[in-house]
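Colleague: Numbering follows this note's numbering, with no gaps: position 221 of the sequence shown is 327. Structure incoming, see below.
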Amino acid sequence: MKVLVIGGTSLLGDRIVRRFCEGAEVWYTVNSKEVPIQGAGRIRMDITEPESVEKGFREVNPDIAVLVAAYTEVDACERNRERAISLNIGGAEKVFRACQKNGTKLVYISTDAIFDGTKLEPYTEGDRPNPPNFYARTKLEAEKIVLQSVENLVCRVSTIYGNRSAHHRQNVVMWMIETLAAQKRIELFEDRFCNPTFADEAADVIATIALRGGTGIFHTTGRNCVSRVELGRLVAGVFGLDENLIVPVRSTAYQSVPRGLHSCLSVTKAEQFIGRKIQTVEESLRVLKDQIEEAPFGKNL
Ligand SMILES: NC(=O)c1ccc[n+]([C@@H]2O[C@H](COP(=O)([O-])OP(=O)(O)OC[C@H]3O[C@@H](n4cnc5c(N)ncnc54)[C@H](OP(=O)(O)O)[C@@H]3O)[C@@H](O)[C@H]2O)c1
């Protein structure tokens, strides 16, 4: 079994590479950074360039490709729509075509942001998307491209966090830990809810679904839905930090680009498929705490 992870330099990509390395020959792509991951092969690929995508697929000839790479900054996608289209839609289309040509199963990493967040119950895979911003529109278009083949798999995640390395983007939980540990106040939204997604756990769930032949759409976030304030309080509790530094605020005054307020996802379908419960936020935070104690990044907590 050969697996190609496109976007191995992102936190989730890194964890997906490591998870598949447990039983497969794994290759991953880099674009602007050269980041080594032990045990996996590295190739350069720009998904906006058809020759680059085709060359990568010829070189690796994967059974499974996981498309993690995307233009992920929501505000920037609104301003730079051409880049968002080129990377998120054009890139997905090129990878999809290469997979079709090569007989490769494609796993596409998507987002809870495709929902408008007006439903107060968790969204299921059958619910109708209604993207509230341009980033979400491009991700939904990519889902549609990928799902043209019934063999393919779409895994939706939300607010990714984990013990990042220096080359990974900052993530909300590490920022909370670092800020609270420095005894600084943090303003957190009390009115935005989602299922925070621990990269390590999501990688395991996604790889398990893919290796068991899952097709169609699965929600592969963390198990429960929390507001940012609730997430901050859980972080403070697990890491022994001062929750009085958390200042609840409403999101409306802060956001120029529309985002769904209640983009909670049901993970029941994924849990039934993999035959186990997905970790709650608190369980994942405890795993993260152990990881940080073993290999702290930045501050020594
Ligand atoms: N972050 C979240 O909270 C969140 C929430 C929901 C869904 N998602 C989805 O999860 C996935 C990962 O998101 P992330 O925020 O963790 O990603 P990220 O840190 O922004 O990383 C983006 C990745 O895309 C690669 N990339 C960028 N342009 C490329 C190109 N032209 N060709 C090939 N690769 C390119 C980057 O490679 P280089 O670094 O080498 O340039 C990097 O590996 C995305 O599909 C995103 O839509 C993320």
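We put the beta carbon where it would ideally sit given N, CA and C, even for glycine.
Apply the 10 Å Cβ neighbour rule to R334 and answer buried if 16 or more other Cβ atoms are within range, or exposed otherwise.
Modeller: The residue is buried, with at least 16 neighbouring Cβ atoms inside 10 Å.
Colleague: What does a CB cutoff of less than 7 Å around S390 pick up in its chain, not counting 5 residues either side in sequence?
Modeller: F304, E307, G328.
Colleague: Can you tell me whether Q144 is buried or exposed, with buried defined as 16 or more other CB within 10 angstroms of its CB?
Modeller: Result: exposed.
Colleague: Pairing CB atoms from the segment 204-221 with CB atoms from the segment 343-356, are three or more of them under 8 Å?
Modeller: No: the two stretches stay apart, fewer than three of their Cβ pairs being nearer than 8 Å.
Colleague: What would DSSP say about I292, mapped onto helix, strand or coil?
Modeller: DSSP places I292 in strand when its eight states are reduced to three.
Colleague: Could you compute how far the alpha carbon of E249 sits from the alpha carbon of V393?
Modeller: Between E249 and V393, the C-alpha separation is close to 31 Å.
Colleague: CA-CA distance, G404 and I398?
Modeller: Because the pLDDT of G404 is 44, which lies under 50, any placement of that residue in the model is unreliable, and the question is left without a value.
Colleague: According to DSSP, is G232 helix, strand or coil?
Modeller: The answer is coil: DSSP assigns G232 none of H, G, I, E or B.
Colleague: Give the range of the alpha helix (DSSP H) segment to which L286 is assigned.
Modeller: Taken as a continuous stretch (DSSP letters only), the alpha helix (DSSP H) holding L286 covers 278-287.
Colleague: One question on the structure: do L259 and A175 come within less than 7 Å of each other, judged by their Cβ atoms?
Modeller: No, these two residues do not count as a Cβ contact at 7 Å.
Colleague: Could you name each continuous alpha helix (DSSP H) segment of 4 residues or more that falls completely within the segment 118-188, going from the start of the chain to the end?
Modeller: DSSP runs (the alpha helix (DSSP H)) wholly in the segment 118-188: 156-166, 180-185.
Colleague: Alpha carbon to alpha carbon, how far is P168 from G197?
Modeller: Looking at the two C-alpha atoms, the distance is approximately 18 Å.
Colleague: May I ask whether a heavy atom of ligand 1 can be found less than 6 Å away from the beta carbon of T394?
Modeller: This sequence places Leu at residue 394; Thr is not what is there. Not so, every heavy atom of ligand 1 lies at least 6 Å from the Cβ.
Colleague: Could you check where the beta strand (DSSP E) with Y214 kicks off and where it finishes?
Modeller: Counting along the chain, the beta strand (DSSP E) containing Y214 begins and ends at 211-217.
Colleague: In whole angstroms, what is the alpha-carbon distance linking L337 and E157?
Modeller: Their Cα atoms are separated by approximately 43 Å.
Colleague: With distance defined between alpha-carbon atoms, name the residue in E131, I195, A288, S116 nearest to A342.
Modeller: The residue with the shortest Cα to Cα distance from A342 is A288.
Colleague: Do you know offhand how far H368's Cα is from E227's?
Modeller: Whole-angstrom Cα-Cα distance: 8 Å.
Colleague: Which of the three DSSP states, helix, strand or coil, is assigned to V335?
Modeller: Note: V335 maps to helix in three-state DSSP.
Colleague: Could you name the residues of the same chain whose beta carbon sits closer than 6 Å to that of G223, not counting the 5 residues immediately before and after it, in chain order?
Modeller: These residues qualify, in order along the chain: G366, L367, H368, S369.
Colleague: Ligand 1 and N239: does the residue's C-beta get closer than 6 Å to at least one heavy atom of that ligand?
Modeller: It does not: the Cβ of N239 is nowhere closer than 6 Å to a heavy atom of ligand 1.
Colleague: Compare the Cα-Cα distances from M151 to each of W281, I170, G114, K108 and report the closest residue.
Modeller: Of W281, I170, G114, K108, the residue nearest in Cα terms is G114.
Colleague: Would C331 pass as a contact of F299 if the rule is Cβ separation under 7 Å?
Modeller: Yes, these two residues count as a Cβ contact at 7 Å.
Colleague: In the structure shown, what three-state DSSP assignment does K250 receive?
Modeller: Helix, per DSSP.
Colleague: So V172 packs on V109, CB below 8 Å; how close in whole Å?
Modeller: With 8 Å as the limit, V172 and V109 qualify as a contact, their Cβ atoms being about 7 Å apart.
Colleague: What are the residues that DSSP puts in a beta bridge with R195?
Modeller: Going by the sequence as given, residue 195 is Ile instead of Arg. Answer is none; I195 lacks a bridge partner.
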